[in-house]
Structure formats: C-alpha cells, structure tokens
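In UniProt numbering, the protein residues as written are 1 to 704. One structure below.
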C-alpha cells in the first residue's frame, strides 16, 4: 500500500521512500535506480535533487551574468566567444551594451555575418578595427568552415602581447553554434559565454518585459490600450512557440530557432499597423506575423498549420476582451488589464515558474512524454560515456563473447530471401495490355528492399564474428557495428539500407521479422484482406499503387483521386471477414496524443456518416491519463474523386512512419517521414485547432 502511494505520487522524488527504505537509500544512488525502474519520467528531477544534495544547489542553477560583469575581464588580445544555443541571439544584447559604452553599432561596432565570400571582408574589418580601437563582431562562425583556419591565424597574431598594432580598446566578438570546424586554439584561449533562453513561459515573457521601458509601452499613442494588450499577447505567443520545443514531436516536427529578432520585428509590424489603420487589421496582422515574420523559419507544412493555430489564439479580437482567459480551464493565465509597465511585471512575477501543458493547449500526458525523453537522453549520454574497446585486453573477453553470441544468434534467425518463384497463382500475371497489377508492382519493390537488407545483415554478421575471433581485420564499419550491438542500437551499416525506425536493436529485429513475414504471406497466399501498413519500407508508394489500381479499374485520371477514410469496428486484421470492393483496409496504426473512442450508441441512418459513406463508429477523443499512444481500429482507405475539400467535423490527422515525425523535406514542404493526412471525426464540441495544438498524429510504429 505504501509503495503504491509512492509510485502514484505526482513528485515521487520529493517524498520519502516507504518504511526503512528512506533511511537505507533515500539520499543515495539507489533511489535514482528505483526511479529509473518504476518512475522513469521523474528520473531527471531525481538526478537534479541528488546533485543538489551532494554538491550544492549552485550546481543545478545557472548563474546569472551580464556583459557589464564580464567586460572588465576582457582585453584587446583575447576574443570573446558567444556559444549560441537554439532560441538565444546575443546580437541585441551586444548592440545595447556597445551603445551604453559609446561604441555605437554601425559607427564603432562593426558586425558581419559570415558565409560564402565574407572572409576577406571580415579580415579587413578586423585589421581596421584593431588599428582604430573599434569593436568587430563576426557572427555565425560555424557557417564559414573554409575560413576558420585564417581566423585562427589572425587571432594568433592579435594575441601576441608585444603586438603594438593592436589598440587597447579593440575587442573581437565571435558567435558560433557548437561545431567541430571552430578552431580549438581560439576556443581554448577565448573568453566563452553562453546565453541560453530562459526556461518556462513566465521567465521568457518576463525577460522581454524586464528589458522594456515605459517608453515602449507608450509608443503607440493612436491606440494605446490595444497596443499594450496585443504587445503582451505577442510576447506570450513568442514564449509559447519557443517552449513548445521541449515537447519534441508533439510540439514541433522540427525544432525551429525562433529568437528575439522575430519578436522585435513583429512588435514593429504591430505598431505600424495600429498606427496607420483606423481599426485593427486582424487578417493583415495574422498573415504578416504568422506567415512572414515567424513563418519564414517554418519549413514543414504541418508545423506551419500549428503555428497559425497558435497565433489565432493570441492575435484575434477576443484578445482585447478583459474577460478572455488564455487558459480557460484554470483561468490562471490571462492578459492583464491595461496599466503601466510595472503592473505587467507584477502579474508575471505572480505566475508559477513551471507552466502546465494547458498553457500550450496540450494534454497533461505531454509533460510525461517530455520528461521521458529527457530521461532517456540523459541515460543514453551516460551509456555512451562508458569505455568499450573491442578486443585487445583480457577484460574485454566477456563483452566480445556477448557480442559474438548475439551476432551468431541473429544470423541463425535471419529469414530466407523472398523469392518470386514462391508466389501465389496469378499474383504476378500481366494483363492483356502487358501491365502488372499495381499492388503486385509494390510487392515486388518491397521484396527487393527486404532482400537487400537481409543480405547486408547476413554478410556483416558473419564478418563481425570473424573479426572478433581475429580472422579478419576489424574495420571501422565493423567496429561501429560492434559498439552499437553492445548498447542495443541498430548498426548504422544496417540503418543505411533499412526502413526508418527508432526502435532499439532487440525490438527492431523482432519488428524486422514481422515485416518479412507479412510480405512472405502476401507473396505466397495472395493479396491480403487487410494490409499491415507498418510492414512497408515505403508506404507512400503503396498509397500511390492503391490509387493507380482504382484509376485503371474505373478509367479515371489518377491526379483527380484522393482518399476518403472510414474507421471500422474491427480492431485488427483477424476480425476482417472480406476485403472492400474499392480501396484497401489498413491495420496497425497508432494515435499519438489522442485515442479513438468507439460510439456507445447504435448507428441510425440520420446520424453523421464519414466521407467513405459508411457509419461512423466513434470519434477522436482525449488520451487516457498516462497513455502516450493508443491503437486505431482498422481504417478503410477508399479512393474518391474530389476529396481535397476538408470534411466538416473532421481533423486532418498527419500520418508518419516514426515517432520523431521529422525527415528530409521535399520541395513541396512535406517530410519524407510523412505519408498522408487521414480525416478523423472529432469529439463533438471540439475544433480542429484543439487537436492541432495537442500535436495529434498517426504513427505506423512505436519507439519500443
């Protein structure tokens, strides 16, 4: 009973362990082991508490600093290096500091963003500024890899204490993301600073308001109240889209570097529109701020949809209503009444330091997902720090034996190659026109991909066993494969020819067997009644094959076809009695960020039907507490003409191959990880924005 209360606690790392366990391991590494086993989502907080207890709280709290404090330690011979992080841009801070010191930007502070062809210009600026005593800031050094050697030489010359050509007032400022191309000598000799953005919505907005003065609050005399309310709303929007990054794929498919320059540009846009227009031009504000100022950074179409959904919460007429709540459930977050700067700062100080997922429009499960990802990142980093050297010492024998045994076992379990000679009668027969069935073409392509993967796995496993025994040289590829197998990761040698997957090696190998078995059953028994979509290397090709088959059957141009969707009552392929007349039945999809709620009432003809023309048996609903992903029943993908119009009451749910959702972006703005969007009926009373903000998507596979 006591253990049950501890396991179910909201913050188990903060409360004593049951019985005598607290006295035995309460402040030791053992408590972290318990958290890892039973409450993995809280391990990262337990580690912080462990470090704070044993080393002191200063090791868990970032020290505040300003350029005024750092500058006395600088000199004309030593570069000052800003190590950039996502969302933090020190440019504005440096410009304001330089202005206070009398080095006005553009006059005595010279800034240049490095890139192709900028090296000679930067070198000339450094030479002139060193002679005159000006300041030079070279931005984004990580983008000028070919010029870094020359930068190292120039910094070495400037660093000579007897160099009389360097004015005492000269300062060299450098900004760079962490990069292997940045010169080690410059990094070692320079003064290193990092300016990470504040964590949490409250800290983010407060940082902007603490940097303001009353003049900014009064800078729109034509519409002062609207300006102050929308300024706060814009700052809150900026904080929300930055903080969504912590939720990983639930927040954004790609982690964008929104920074203070985007906010300042949008503030100027807002002030201009309010000053020049008689009424607030909402459509113009939404377009310029969303599609241009911030949207210019957004490359993924699904992310762009999310960005605009968020902006509609903060840049709309309801924002000017004093009764509007940003978080309607708790009512804790709202836009303060019109007042002086101090009133906004006081309101921000009253907010909790850590905000609930409700602030982002997300389900409470999003916090669990974030905490689990943080824990796994920490554990993976610790695992990678462990020394693992294949061969060369007696202490390594046990590891060699383990990897050799694993390799031998996997090699013995490899399935045989898929052979067209084993196909069901008529599966690869051609039509009188000489064409293969579209789905048979897809099957043939999938067989080729799986056979290639199987061959690579077989040959590399055999070579690895020989290398461990010392019969062949342990090449770099085999060494990397050895290291991957010791930490249960898929070797890169296999991943290069395999389907995308985030599974650990053991789960991946089991999944690989299931995929090959599905393809073999299709090959030997003919077209299945229901297709297991996770079994495909390239599900996009399968979808095209389904459309092509329908287009040939009815002599319809394929470019006029799209998919209609019907969620069936069957939860698995085993419950499917027969295939549909048109289209295909799909099994194996998972909802990420939501669950499917079957309808509790019998269907009547007058009730809502979905776009496939069959009864809707349920709707999209909130996730169950603590359940990250939930299965979706069998779905009928039915080719239809004119399905581009989005059906009312449905959420256009993106379908991805893997849970990270990110992939290589095509010229159309779609990720290679993206398959298509599935229209799913929404819970009555909810809007599409509700599900967009929650980051709801479909996946073909889970991560474990």
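Virtual Cβ for every residue (Gly too), placed ideally from N, Cα, C. Predicted, not measured: the structure shown is a model, and the values here were computed from it.
C-beta atoms of residue i and residue j nearer than 9 Å
i: residue 274; j: residue 290; result: no
i: residue 564; j: residue 583; result: yes
i: residue 186; j: residue 155; result: yes
i: residue 139; j: residue 92; result: no
i: residue 656; j: residue 693; result: no
i: residue 19; j: residue 2; result: yes
i: residue 120; j: residue 111; result: no
i: residue 642; j: residue 592; result: no
i: residue 253; j: residue 551; result: no
i: residue 499; j: residue 449; result: yes
i: residue 250; j: residue 44; result: no
i: residue 653; j: residue 675; result: no
i: residue 314; j: residue 439; result: no
Cβ-based burial, residue i [other Cβ within 10 Å; buried from 16]
i: residue 403; result: buried
i: residue 210; result: exposed
i: residue 463; result: buried
i: residue 294; result: buried
i: residue 38; result: exposed
i: residue 242; result: buried
i: residue 626; result: exposed
i: residue 471; result: exposed
i: residue 217; result: buried
i: residue 262; result: buried
Residue i versus residue j - alpha carbon distance
i: residue 612; j: residue 547; result: Note that residue 612 scores a pLDDT of 35, beneath 50, so its modelled location is shaky; the value from the coordinates is reported in the next line. About 15 Å.
i: residue 701; j: residue 501; result: 8 Å
i: residue 443; j: residue 541; result: 10 Å
i: residue 619; j: residue 433; result: 44 Å
i: residue 12; j: residue 349; result: 27 Å
i: residue 428; j: residue 673; result: 29 Å
i: residue 34; j: residue 248; result: 26 Å
i: residue 184; j: residue 148; result: 10 Å
i: residue 640; j: residue 671; result: 24 Å
i: residue 59; j: residue 343; result: 33 Å
i: residue 284; j: residue 682; result: 30 Å
i: residue 420; j: residue 300; result: 39 Å
i: residue 505; j: residue 485; result: 7 Å
i: residue 475; j: residue 468; result: 11 Å
i: residue 395; j: residue 401; result: Model confidence at residue 395 stands at a pLDDT of 46, short of 50, so the residue's coordinates are unreliable; what they give is reported in the following sentence. Whole-angstrom Cα-Cα distance: 11 Å.
i: residue 9; j: residue 40; result: 13 Å
i: residue 596; j: residue 664; result: 30 Å
i: residue 544; j: residue 686; result: 32 Å
i: residue 192; j: residue 347; result: 35 Å
i: residue 236; j: residue 90; result: 20 Å
i: residue 523; j: residue 537; result: 16 Å
i: residue 279; j: residue 223; result: 9 Å
Boundaries of the beta strand (DSSP E) in which residue i is found, first to last residue
i: residue 681; result: 674-681
i: residue 564; result: 561-567
i: residue 314; result: Looking at the DSSP string, residue 314 is not in any beta strand (DSSP E); the run it does join, the alpha helix (DSSP H), is 301-314.
i: residue 78; result: It is not in any beta strand (DSSP E) - residue 78 carries neither H nor E in the DSSP assignment.
i: residue 360; result: Neither: residue 360 is in no beta strand (DSSP E) and is coded neither H nor E.
i: residue 318; result: Per DSSP, residue 318 belongs to no beta strand (DSSP E) and is neither H nor E.
i: residue 631; result: 629-631
i: residue 216; result: Taken as a continuous stretch (DSSP letters only), residue 216 belongs to no beta strand (DSSP E), being part of the alpha helix (DSSP H) at 214-217.
i: residue 697; result: 697-699
i: residue 47; result: Taken as a continuous stretch (DSSP letters only), residue 47 belongs to no beta strand (DSSP E), being part of the alpha helix (DSSP H) at 43-55.
Limits of the unbroken alpha helix (DSSP H) element including residue i
i: residue 514; result: 505-525
i: residue 274; result: 260-276
i: residue 242; result: 224-243
i: residue 458; result: 438-469
i: residue 652; result: Premise fails: residue 652 lies in the beta strand (DSSP E), 650-656, not in any alpha helix (DSSP H).
i: residue 282; result: 282-285
i: residue 95; result: 91-101
i: residue 120; result: 119-132
i: residue 204; result: 201-210
CB contact below 9 Å: residue i versus chain D
i: residue 528; result: Absent from the structure is chain D; it holds one protein chain and no more.
key: the segment 377-385 contacting the segment 347-362, beta-carbon criterion three pairs below 8 Å   = no
message = When you compare the segment 229-246 with the segment 317-332, are there three or more beta-carbon pairs, one atom per stretch, that lie closer than 8 Å?
response = yes
ask   = Between the segment 82-99 and the segment 49-56, are three or more C-beta pairs nearer than 8 Å?
value = no
inquiry  = Within 8 Å, do at least three Cβ pairs link the segment 556-571 to the segment 627-641?
reply    = yes
ask   = Can you find at least 3 beta carbon pairs, one from the segment 488-502 and one from the segment 451-462, that sit closer than 8 Å?
value = yes
ask   = With contact counted as at least three CB pairs below 8 Å, one residue from each stretch, are the segment 508-523 and the segment 405-420 in contact?
value = yes
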